[in-house]
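Number of protein chains: 2
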Amino acid sequence: MTDPALSQPSAPDRTDSGTGSDTGSETGAGPRLVLGQERPLKLDCGAELGPFTVAYRAYGRLNAERSNAILICHALTGDQYVADPHPITGKPGWWQQLVGPGKVIDTDRYFVLCPNVLGSCMGSTGPKETNPETGRPYGLDFPVITIGDMVEAQVRLLDHLGIDSLFCVIGGSMGGMQVLQWAARHPDRVFSAVPIATSWRHSAQNIAFHEVGRQAIMADPDWCGGDYLNQGKTPHRGLAVARMAAHVTYLSEPALHRKFGRRLQNRAALSFGFDADFQVESYLRHQGSTFVERFDANSYLYITRAMDYFDLALEHGGVLANAFTGTPVRYCVVSFTSDWLFPTSESRQVVHALNAVAANVSFVEVASDKGHDAFLLDEPQFHDTLAGFLDGAAEHRGLPHAEATP
Amino acid sequence: MTDPALSQPSAPDRTDSGTGSDTGSETGAGPRLVLGQERPLKLDCGAELGPFTVAYRAYGRLNAERSNAILICHALTGDQYVADPHPITGKPGWWQQLVGPGKVIDTDRYFVLCPNVLGSCMGSTGPKETNPETGRPYGLDFPVITIGDMVEAQVRLLDHLGIDSLFCVIGGSMGGMQVLQWAARHPDRVFSAVPIATSWRHSAQNIAFHEVGRQAIMADPDWCGGDYLNQGKTPHRGLAVARMAAHVTYLSEPALHRKFGRRLQNRAALSFGFDADFQVESYLRHQGSTFVERFDANSYLYITRAMDYFDLALEHGGVLANAFTGTPVRYCVVSFTSDWLFPTSESRQVVHALNAVAANVSFVEVASDKGHDAFLLDEPQFHDTLAGFLDGAAEHRGLPHAEATP
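These protein sequences, in sequence, are chains G and W.
For what it's worth, full-length UniProt numbering labels the leading residue of the first sequence as 1, then goes sequentially.
For what it's worth, full-length UniProt numbering labels the leading residue of the second sequence as 1, then goes sequentially.
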């Protein structure tokens with residue numbers, strides 16, 4: 001930890017009866033907990049997974065009442081490095097402008113947890129980790145997991161840390177799906193919830209874009225039917241194409257126009273060839289080539305699949321409102337005007353469902369031309385909204401303001 | 001020809017001083033003219049191309065005044081089979097509902113020409129054709145061509161057929177780019193022009209989507225640096241991924257939702273695997289796998305590049321209106337509400353530029369939820385618009401109505 005104010009929580013004095021063991025907390029990767037040794041996770045696909053590992057980062061201190069915990073859920077290609085530099089890329093944490101001492105998600109006030117989701121590749125159990133049954137990487141032997149499974153793995157993490165109730169669960173995109181799943185399934189353990197730039201079910205268009213990415217990966221001969229790790233290969237090219245295809249959907253035409261337009265890359269005239277003539281091409285290629293250095297191709301398959309499978313209404317007789325009946329959770333739903341991947345209309349459907357059960361919900365559509373990625377960027381209206389909501393919720397929760405530090 | 005009313009034109013009595021020779025007109029592929037033998041095409045890249053072949057289909061009869069010719073320009077993956085079955089897929093012509101005797105583009109009244117664009121793969125010269133200098137397929141030795149080059153090849157075709165002036169030039173998407181280029185560069189040879197679902201310059205977002213497709217093709221080891229035809233391979237997987245990625249952009253979220261939603265494909269429950277669980281996945285895979293049977297991967301690279309390079313303002317000092325100064329052409333600009341690839345705003349910019357030079361222009365934004373593909377589909381408002389515009393223009397041009405057939 002580079003910032004002394006960001007510290008691991010005091011060791012929880014209660015653990016989940018020996019099902020958790022902490023490994024590697026002294027490494028740069030942060031704590032990795034082995035969970036589910038005695039009680040495997042029952043996955044939605046019917047399989048059982050255990051033991052499994054959850055890697056996470058924690059910031060701030062859990063208070064004596066254990067009432068100030070915020071769970072941050074990351075997106076498809078995100079990870080637990082929400083507020084400190086990424087160990088592979090060296091880039092700042094993906095929400096470092098939001099999370100830290102004195103920031104909107106104030107680590108002087110809150111205890112912030114961010115676990116790497118099940119199925120991912122930054123330390124939590126996923127297809128690149130070793131299958132204890134074979135001693136080799138899971139590859140496609142890893143079970144297909146769901147957003148619900150990700151949440152249940154997080155439940156085990158909280159059980160282990162002795163946190164009965166989250167002050168808030170927050171996340172954007174796939175993180176927002178986890179937020180909705182958390183609040184719907186465990187309303188007694190969630191005081192407030194902030195689903196951002198997300199939906200209650202993955203749309204046909206979004207499934208289609210994900211399928212393109214998966215096909216790009218599976219078309220790469222170096223994917224080896226998913227067994228590339230055992231065969232000493234990596235489907236870099238397919239994964240890069242998948243990333244490029246997805247990346248376009250994270251932006252907006254106005255943002256691309258403003259950022260790149262038709263400007264040429266390091267040249268005065270068109271090359272009449274297939275090099276990256278345009279800045280936007282060069283940018284996309286860069287996005288593809290840097291992504292493959294930090295992400296596992298099979299994880300990309302599994303996590304996109306989990307998102308595709310997400311349909312919160314389906315679990316509740318096809319009626320979304322039923323997912324929230326009697327909910328005590330305070331909601332703040334956020335969307336962005338130029339987000340065409342998770343458009344405001346889908347957030348509005350969540351709000352309508354919450355209104356239908358008389359839930360406590362506020363809804364803000366933030367004006368932004370930055371597309372879906374806006375939730376990761378410096379958007380003052382979004383940050384102000386979040387700050388206001390958290391302050392209000394903290395007051396209701398009786399959480400004191402952070403003490404003034406000398 | 002299956003329909004007796006669709007016949008080749010009477011042999012033109014004037015040819016372009018021996019630069020054209022007709023080959024293979026008796027084959028199912030339709031006429032293929034070898035042009036530019038004495039006078040090669042000067043391409044925008046600086047290279048010269050000649051001889052080159054233009055394959056085309058013709059429907060109806062050229063009148064004695066040679067004043068009733070309509071040129072139809074096809075889109076990226078289209079071809080000359082506009083009104084009769086495709087020789088590879090066996091499917092109806094891509095505008096068969098619009099083009100034919102008694103239809104909106106009435107082949108009893110008009111002489112309709114549809115050439116395969118330069119760079120494509122259905123008979124016109126492109127990267128898969130034989131390079132006369134080497135006796136082997138061009139591959140990447142084919143010069144990078146532009147929309148302007150495609151138009152100039154069509155100009156040579158018209159010269160050969162003895163058609164000085166087109167009654168109308170019509171096309172959607174990339175076809176619309178050719179329409180704009182025709183009208184801007186050869187206003188004296190175009191009486192009326194209908195650019196549909198198109199733009200005056202390819203946007204940054206569209207360049208980005210094209211770059212994804214190109215990277216998918218070039219990532220396929222069977223692409224062999226573009227030399228696959230000489231090496232007996234075909235980059236089927238990469239081309240299929242490119243097609244899938246592009247195909248999503250041709251539709252709209254509402255259309256995908258209506259057509260597929262989250263419905264499962266031939267199964268009652270999720271498979272918890274990576275097969276095509278959802279109908280939309282199965283549909284996309286089908287789009288990819290059928291496309292590779294009829295399209296050449298290098299052609300895909302070249303034609304997407306031509307679209308990316310298109311910027312009609314750039315050729316005119318950065319001011320689009322300058323492209324149309326003093327134009328005598330009658331324009332009908334058409335866009336579709338749900339087309340997010342070539343949104344109405346871009347058509348409106350064309351209309352504004354035409355208004356700025358006091359051109360004769362009508363503009364219709366057709367309400368449709370079918371996305372960019374709407375221009376290929378049965379959209380009554382679009383068809384009515386086109387019928388009304390053509391009738392009015394024909395009256396001004398003094399073209400008689402089709403004679404009543406017994």
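Glycine included, each C-beta is placed from N, C-alpha and C at the ideal position.
- The Cβ atoms of G:Ser299 and G:Gly176 lie no closer than 9 Å to each other.
- Judged by DSSP secondary structure, W:Val194 falls within the beta strand (DSSP E) whose first and last residues are Val190 to Ile196.
- DSSP places G:Gly288 in the uninterrupted alpha helix (DSSP H) bounded by Gln279 to Arg294.
- The distance from the Cβ of G:Arg294 to that of G:Ser67 is about 35 Å, inconsistent with a contact at the 8 Å cut-off.
- Taken in chain order, the complete beta strand (DSSP E) segments of 3 or more residues contained in the segment 83-132 of chain G are 111-115.
- Between G:Ala47 and W:Pro235, the alpha-carbon positions lie close to 38 Å from each other.
- Boundaries for W:Ala64: no beta strand (DSSP E) harbours it, and the DSSP string shows neither H nor E there.
- Between W:Leu376 and W:Gly172, the C-beta gap is smaller than 9 Å, which places the two residues in contact.
- Listed in chain order, the positions of the segment 241-253 of chain W with a beta carbon within less than 7 Å of a beta carbon of chain G are Val241, Met244, Ala245, Val248 and Glu253.
- Within the segment 194-211 of chain W, those residues whose Cβ lies closer than 7 Å to any Cβ of chain G are, in chain order, Arg201, Ser203, Ala204, Gln205, Ile207, Ala208, Phe209 and Glu211.
- The Cβ-Cβ distance between G:Thr327 and G:Ala183 falls below 9 Å.
- Not a single C-beta of chain W is nearer than 9 Å to the C-beta of G:Ala153.
- If you look at G:Arg305, you'll find it in the alpha helix (DSSP H) that goes Ala297 to Tyr309.
- Among the residues facing chain G, W:Val280 is included, as its CB has a counterpart in that chain under 9 Å away.
- For W:Phe389, DSSP assigns no beta-bridge partner whatsoever.
- When DSSP states are grouped into helix, strand and coil, G:Asn360 belongs to the strand group.
- With 16 or more neighbouring CB atoms inside 10 Å of its own CB, W:Gln205 falls in the buried class.
- Nearest to W:Ile72 by alpha-carbon distance, out of W:Leu49, W:Gly232 and W:Val194, is W:Val194.
- Sequence-distant Cβ neighbours of G:Lys370 in its own chain, meaning closer than 6 Å and more than five residues away, are Ala255 and Leu377.
- At least one CB of chain G lies nearer than 9 Å to the CB of W:Ala219.
- Spanning the alpha carbons of W:Gly139 and G:Trp223 requires a straight line of approximately 27 Å.
- Across the structure, W:Glu152 and W:Leu41 are spaced so that their CA atoms are roughly 8 Å apart.
- Against chain G, a Cβ distance below 9 Å from W:Asp311 picks out Arg262.
- Listed along the chain, the chain G residues whose CB falls inside 7 Å of the CB of W:Leu256 are Ala204, Gln205 and Ala208.
- Residue nearest to W:Arg61 within the set W:Val34, W:Pro31, W:Asp108 and W:Thr53 is W:Asp108 (criterion: CA-CA distance).
- Look at W:Pro380 here: in three-state DSSP terms it is helix.
- Not one beta carbon of chain G lies nearer than 9 Å to the beta carbon of W:Ala268.
- Annotation for W:Val241: the continuous alpha helix (DSSP H) segment containing it runs His236 to Tyr250.
- DSSP, reduced to helix, strand and coil, places G:Ile145 outside both helices and strands of the structure shown, so it counts as coil.
- Annotated as proximal: G:Phe336 and G:Phe382, with beta-carbon spacing under 9 Å.
- By the beta-carbon neighbour count (other beta carbons within 10 angstroms, threshold 16), G:Asp159 is buried.
- In this chain, the beta strand (DSSP E) harbouring G:Arg32 covers Arg32 to Leu35.
- DSSP, reduced to helix, strand and coil, places W:Glu48 within a strand of the structure shown.
- Note that the C-beta distance between W:Pro87 and W:Tyr56 is not below 9 Å.
- Contact annotation: W:Pro127 and W:Asp296 have beta-carbon atoms nearer than 9 Å.
- Following the DSSP letters along the chain, one finds G:Gly171 inside the beta strand (DSSP E) bounded by residues Leu166 to Gly172.
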